[in-house]
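*Asks:*
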Amino acid sequence: MSSITVFSAQTILTMDPSRPRATHVAVRDGRILAVGGADCADQWGEVTHDDSLKDTVLMPGFVEGHAHMMAGAMWTFAYAGYHDRIDPDGKLHKGMTDIEAVVARLSAQAAALPPGAPLIGWGFDPIFLSSERLNRHHLDRIAADRPVAIMFSNFHLMCVNSAALAMAGYGRDTNAEGVVKGADGEPTGELQEMAAMFPVMRRVGMDFRGLSQTASSIRAYADVCRLAGVTTVTDLFSTMEEEDLGTALAATGADDFCLRIVPALGAIGGSPDEIAAKARRLAARATDKLRLGAVKLMTDGSIQGWTARVKWPGYVGGQPNGIWNTPPETIFALCEAMQREGIQMHIHVNGDEASDVSLAALEAAARKHPWPDARHVLQHCQMMGPDQFRRAAALGACTNIFANHIWYFGDQHVALTIGEDRASRMDAVRSALDEGVRVAIHSDAPVTPMAPLFTAWAAVNRRTMSGRCLGPEQRITVEEALRLITLGAAYTLKLDAEIGSIETGKRADFAILGADPTMVDPAHLKDVPVLGTVFGGRLNLS
Amino acid sequence: MTPLPMTVISGYLGAGKTTLVNRLLAEDHGLRLMILVNDFGAINIDADLLQSRTEDTIALQNGCVCCTMGADLFMALGDALDRRPRPDHLVVEASGVADPASIARAAIAEPEMSYAGIVTLVDGLNAPGLLADDLIAAQVGQQISAADLVLVTKTDRIDPGLGGHFARLKARGPRVLDDGPLAPLLFGTIPLPKGPQPAAHPAYAAWSHESARQVSRAALVDKLSARPEGLYRLKGFVLTDDGGCEVQVVGRYVEARRAETDRTRLVGLGPADRVSRDQIEAWWSA
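Line by line, the protein sequences are chains V and S.
According to my numbering, the first sequence holds residues 1 to 542 in order.
According to my numbering, the second sequence holds residues 1001 to 1286 in order.
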């Protein structure tokens, strides 16, 4: 006979409409046996009371429906970003709001490295800094005797020091596009796009491919999730090969690994049928904590990079329309094949033309191969309006909306990309809910930090970094937002029967909070402390 | 170590990239090729050439084909450079929507590589429709504009509508892909003059020059920019009043860098229907 543990809490927000609040939850065999008061499980036999969480607030473990495994292993490199971030060990890294701060922080990190070892940084974002451009002279002050390379947050630019330039043979005579030169004819240290960055990346060992496939990366991801209260997370554009599976199965299979990962295989590198076959082979190896089987389609680029495909009237600066990373006819072919094979798709759509084409592809696939609960998910959905949300609702497609963008890039979207009017209706969670679409909201970590309560705060307040409220009509309530980061996201992963609410029969996955998020000022929702998680009934405190 | 030359094969879906790759593998060029493809699906390997096959690599008598399978293409370039023995020539099949220049520029930036051209294939039947489609015209057009050599497939003549697009896009030397061997053009397998020159295939106009004549450095720059458009490849060394100079021309790409040489030695090649030996000679001797 398995043991029964009854956890007590100050409050349990269940997300179960039949019992929205409780004080106790009973757990047996990693699942929720009963919810209610202290006696909720007495019918089931002898119980053990665990009051270690009695002063906390429990919610269903948060579900992050759009993030990337790299969010953990990025911390192998030195953080150089503008915003505060918390590393997998829980340490706060204050944002660096000017170049001097970057130089000071990275100098200290360089001093701790073995002689000659490269210092690699990430997360620098010049869009937030109005001073001069980062150049090799700044980085030479960090270290002159070792290569220093800082990848910008958009992954399209980097800046390197003189030692790194020399390693790649870059100098006055270099005549390669992307190796930026100053008025003196010397490289400034800024390298634009992969072709120019590649010679340095190769020589300093900056390998982003390796960041997702090692056991330590997977554990670091679990640490990031625990700190955010997340018990189920995606890895949306997995490049997992069948030979990587052993590592992932072993790492996630450990008893003390307290996270469920839902990878979605990147749909490239083969015909639609080959990709479908690969997804099926992966699905056959799935476990509770490694839910393989879905695929991820890329369509367009990003709005802040002016590479998203946007409809008329385009970008305010007159930039040409963006690019397709997958041509429209291939989007149609992939949608048809996956629909036919019964494989769920997550489809990246930033611009409204990309969401338009993707909806058309889903509509065509649905006519050929009806599948009423396919639950394909449009991801980001940043420029979708009520018209497109209605089409998604009619298809039964979900929308996972990039709510964090309002804070991180909202001001830039007003000033530089799509302008005031369309920026104020970006990431339109209110419209999506009103049109009856199934919705989740996300961080796209490491693009923005993983923190579902922050994401909920962003959707509730729509504050930008300049402090304004961008598009107040699109705000949602705290209750709605909390639902989106739990049951809403679980639905998009077809896991709503197992997780997303605290009700009998579901997995005992909880977020442990230091305050009741429905009782705090909505403006402070993001500041509710996350103390850890319970995963399958197992305490996993930070 | 000799820099690894890289040629990028570009073109929208269905333009014939894989067919071209199959042809390059089958040609008798004597080179050890490494070919990076997106998809093994349609790669057609002669059983006599096949040595072994895994999920992402096909090993051949004359090289190998590697499927990048969605892995970072640039990391695959790094793997190619780290391979021993290093292949003689790297061919990258770009995706149907890739900007080939964004890949080919790596060969200019990377000291261990050399630029060996962008070949863009254009489906002669479908391209006019694509170039009129707002959804995709810009990306298809960019592939044509970036090319050093535009080869038209699936037709035996370029229709005037497509010709108009080519003019607007400043397409370099567009011609119908014929049955002639491609290795001499794409891989520059004609050696520098040192003795008797091997006869080029009749599909190509081959020219060579050897002398001790010195030209002024400034005149060389002007001369290179005035080269016949049909001259696809030019390589070798030139004596100038400012020292020796190594010259590499591939289509629209020109590179001239300081190098030791005691004589001017050049070899040039272009499709015979675009340029003649006499035209090249007249240009150089002018």
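Even for Gly, the Cβ is constructed at its ideal location relative to N, Cα and C.
These figures come from a predicted structure and were not determined experimentally.
(1) Specify, as a first and last residue, the run of the alpha helix (DSSP H) that residue 491(V) falls within.
(2) Anything in chain S within Cβ reach of residue 324(V), meaning under 9 Å, just list it in chain order.
(3) Going along chain S, which residues have a C-beta under 7 Å from residue 179(V)?
(4) Could you tell me whether the region 345-355 of chain V touches the region 304-313 of chain V, where touching means 3 or more Cβ pairs closer than 8 Å?
(5) Within the same chain, show all residues whose beta-carbon is closer than 7 Å to that of residue 176(V), passing over the 5 residues directly before and after it, in chain order.
(6) So residue 198(V) contacts chain S; which residues on that side make the cut at Cβ distance below 8 Å?
(7) To the nearest angstrom, how far is it from the Cα of residue 118(V) to the Cα of residue 149(V)?
(8) Within 10 angstroms of the Cβ of residue 450(V), are there 16 or more other Cβ atoms? Answer buried if so, exposed if not.
(9) In terms of DSSP beta bridges, what is residue 540(V) paired with?
(10) Give the straight-line distance between the Cα atoms of residue 1129(S) and residue 1176(S), rounded to the nearest whole angstrom.
(11) Where do the ends of the alpha helix (DSSP H) carrying residue 1051(S) lie?
(12) Step through the CB atoms of chain S and report whether any lies within less than 7 Å of the CB of residue 176(V).
(13) In or out: residue 514(V) buried (at least 16 other Cβ within 10 Å) or exposed?
(14) Could you confirm whether any beta carbon from chain S is found closer than 7 Å to the beta carbon of residue 202(V)?
(15) Just tell me which of 494(V), 508(V), 18(V), 505(V) has its CA closest to the CA of residue 264(V).
(16) Does the region 1234-1253 of chain S come within contact of the region 157-171 of chain V, defined as at least 3 CB pairs closer than 8 Å?
(17) Report the start-end ranges of each beta strand (DSSP E) in the region 124-154 of chain V that is 3 residues or longer and not cut off at the edges.
(18) Which of helix, strand or coil does DSSP assign to residue 425(V)?
(19) For residue 443(V), which of 433(V), 325(V), 427(V), 434(V) has the nearest alpha-carbon?
(20) In the region 265-277 of chain V, which residues sit with their C-beta less than 7 Å from some C-beta in chain S, listed in chain order?
(21) Can you pull out the residues from the region 1033-1044 of chain S whose beta carbon lies closer than 8 Å to at least one beta carbon of chain V?
(22) Go ahead and label residue 348(V) buried or exposed: buried means 16 or more other beta carbons lie within 10 angstroms of its beta carbon, across all protein chains shown.
(23) Skipping 5 residues on each side, what residues in its chain have a beta carbon closer than 6 Å to that of residue 1061(S)?
(24) My understanding is that residue 404(V) touches residue 458(V), with C-beta atoms under 8 Å, so please give their C-beta distance in whole angstroms.
(25) With DSSP as the reference, identify every bridge partner of residue 221(V), one or two as the case may be.
(26) For residue 1122(S), list the residues DSSP reports as bridge partners.
(27) Restricting to Cα atoms, I'd like to know which of 299(V), 420(V), 380(V) is closest to residue 402(V).
(28) Between residue 240(V) and chain S, is the shortest Cβ-Cβ distance under 7 Å, so that the two count as touching?
(29) What residue ranges within the region 332-381 of chain V form continuous alpha helix (DSSP H) runs of no fewer than 4 residues, ordered along the chain?
(30) List the endpoints of the continuous beta strand (DSSP E) containing residue 1255(S).
(31) Cα separation between residue 232(V) and residue 260(V)?
(32) Does the region 289-302 of chain V come into contact with the region 244-263 of chain V, if we say contact requires no fewer than three beta-carbon pairs (one atom in each stretch) closer than 8 Å?
(33) Take every Cβ of the region 20-29 of chain V, pair it with every Cβ of the region 186-204 of chain V, and state whether three or more of those distances are shorter than 8 Å.
(34) For the alpha helix (DSSP H) that residue 28(V) lies in, which residues bound it at each end?
(35) Taking the C-alpha atoms as reference points, what is the distance between residue 1005(S) and residue 1256(S)?
(36) Could you give the C-beta distance for residue 84(V) and residue 94(V), rounded to a whole number, given that I count them as a contact under 8 Å?
*Replies:* In terms of the structure at hand:
(1) The residue given as residue 491(V) occupies position 491 in the first sequence. First-last of the alpha helix (DSSP H) with residue 491(V): 489-492.
(2) Looking up residue 324(V) in the first sequence gives position 324. Going along chain S in sequence order, the residues near residue 324(V) (Cβ under 9 Å) are 1097, 1135, 1136, 1139.
(3) Locating residue 179(V) in the first sequence gives position 179, where the first residue counts as 1. Here the neighbours are 1109.
(4) Verdict: yes, contact present.
(5) Locating residue 176(V) in the first sequence gives position 176, where the first residue counts as 1. Within the same chain, Cβ atoms closer than 7 Å to the Cβ of residue 176(V) are found at 196, the five residues on either side in sequence being excluded.
(6) Position 198 of the first sequence holds residue 198(V). What residue 198(V) touches in chain S: 1074, 1077, 1078, 1106, 1109, 1110.
(7) Against the first sequence, residue 118(V) aligns to sequence position 118. Against the first sequence, residue 149(V) aligns to sequence position 149. Going from the Cα of residue 118(V) to the Cα of residue 149(V) covers about 8 Å.
(8) As a first step, residue 450(V) is located in the first sequence; it is residue number 450 there, counting from the start. Under this definition residue 450(V) is a buried residue.
(9) If you number the first sequence from 1, residue 540(V) lands on position 540. Paired residue(s): 533(V).
(10) The sequence position of residue 1129(S) within the second sequence is 129, counting from 1. The sequence position of residue 1176(S) within the second sequence is 176, counting from 1. Going from the Cα of residue 1129(S) to the Cα of residue 1176(S) covers about 18 Å.
(11) Locating residue 1051(S) in the second sequence gives position 51, counting from the first residue. Unbroken run through residue 1051(S) is the beta strand (DSSP E), 1050-1053; no alpha helix (DSSP H).
(12) Translated into positions along the first sequence, residue 176(V) becomes position 176. Judged by the 7 Å Cβ criterion, residue 176(V) is in contact with chain S.
(13) Your numbering for residue 514(V) matches position 514 in the first sequence. By the neighbour-count rule (16 or more Cβ atoms within 10 Å), residue 514(V) is not buried but exposed.
(14) Within the first sequence, numbered from 1, the residue matching residue 202(V) stands at position 202. Residue 202(V) belongs to the set of residues whose beta carbon lies under 7 Å from a beta carbon in chain S.
(15) Residue mapping note: residue 264(V) aligns to position 264 of the first sequence, counting from 1. Of the candidates 494(V), 508(V), 18(V), 505(V), the one whose C-alpha sits nearest the C-alpha of residue 264(V) is 494(V).
(16) No, because fewer than three Cβ pairs between the region 1234-1253 of chain S and the region 157-171 of chain V fall closer than 8 Å, the two stretches do not touch.
(17) Annotation: the region 124-154 of chain V contains the following complete segments of the beta strand (DSSP E) (minimum length 3 residues), in chain order: 148-152.
(18) Reading the first sequence from its first residue, position 425 is the one you call residue 425(V). Annotated three-state conformation of residue 425(V) is coil, per DSSP.
(19) Here residue 443(V) is taken as the residue at index 443 of the first sequence, counted from 1. Residue 427(V) is the option with its Cα nearest to residue 443(V).
(20) Here the close residues are 266, 268, 269, 270, 271, 274.
(21) Within the region 1033-1044 of chain S, the residues whose Cβ lies closer than 8 Å to some Cβ of chain V are 1038, 1039, 1040, 1041, listed in chain order.
(22) Along the first sequence, one-based indexing puts residue 348(V) at 348. Buried.
(23) As a working mapping, residue 1061(S) is identified with position 61 in the second sequence. Within the same chain, residue 1061(S) has close Cβ partners 1049.
(24) Residue mapping note: residue 404(V) aligns to position 404 of the first sequence, counting from 1. Residue mapping note: residue 458(V) aligns to position 458 of the first sequence, counting from 1. At roughly 5 Å, the Cβ-Cβ gap stays under 8 Å, so residue 404(V) and residue 458(V) are in contact.
(25) The residue labelled residue 221(V) in the question sits at position 221 within the first sequence. Residue 221(V) is not bridged to any residue.
(26) Against the second sequence, residue 1122(S) aligns to sequence position 122. Paired residues: 1152(S).
(27) The count along the first sequence starts at 1 and reaches residue 402(V) at position 402. The candidate whose alpha carbon is nearest that of residue 402(V) is 380(V).
(28) Taking the first sequence and counting its residues from 1, the one referred to as residue 240(V) is at position 240. Chain S places no beta carbon closer than 7 Å to that of residue 240(V), leaving this residue out of the contacts.
(29) Counting whole runs of 4 or more residues, the region 332-381 of chain V contains the alpha helix (DSSP H) stretches 352-368.
(30) The residue given as residue 1255(S) occupies position 255 in the second sequence. DSSP places residue 1255(S) inside the beta strand (DSSP E), whose first and last residues are 1253-1258.
(31) By 1-based counting over the first sequence, the position of residue 232(V) is 232. By 1-based counting over the first sequence, the position of residue 260(V) is 260. Approximately 5 Å, taken between the alpha carbons.
(32) Yes: at least three Cβ pairs fall under 8 Å.
(33) For the pair of segments examined, the region 20-29 of chain V was found not to touch the region 186-204 of chain V: the number of CB pairs separated by less than 8 Å stays below three.
(34) In the first sequence, residue 28(V) corresponds to position 28, counting from 1. Unbroken run through residue 28(V) is the beta strand (DSSP E), 21-28; no alpha helix (DSSP H).
(35) One-based indexing of the second sequence puts residue 1005(S) at position 5. One-based indexing of the second sequence puts residue 1256(S) at position 256. Spanning the two alpha carbons is a distance of roughly 16 Å.
(36) To locate residue 84(V), count along the first sequence from 1; it is residue 84. To locate residue 94(V), count along the first sequence from 1; it is residue 94. Confirmed, about 6 Å.
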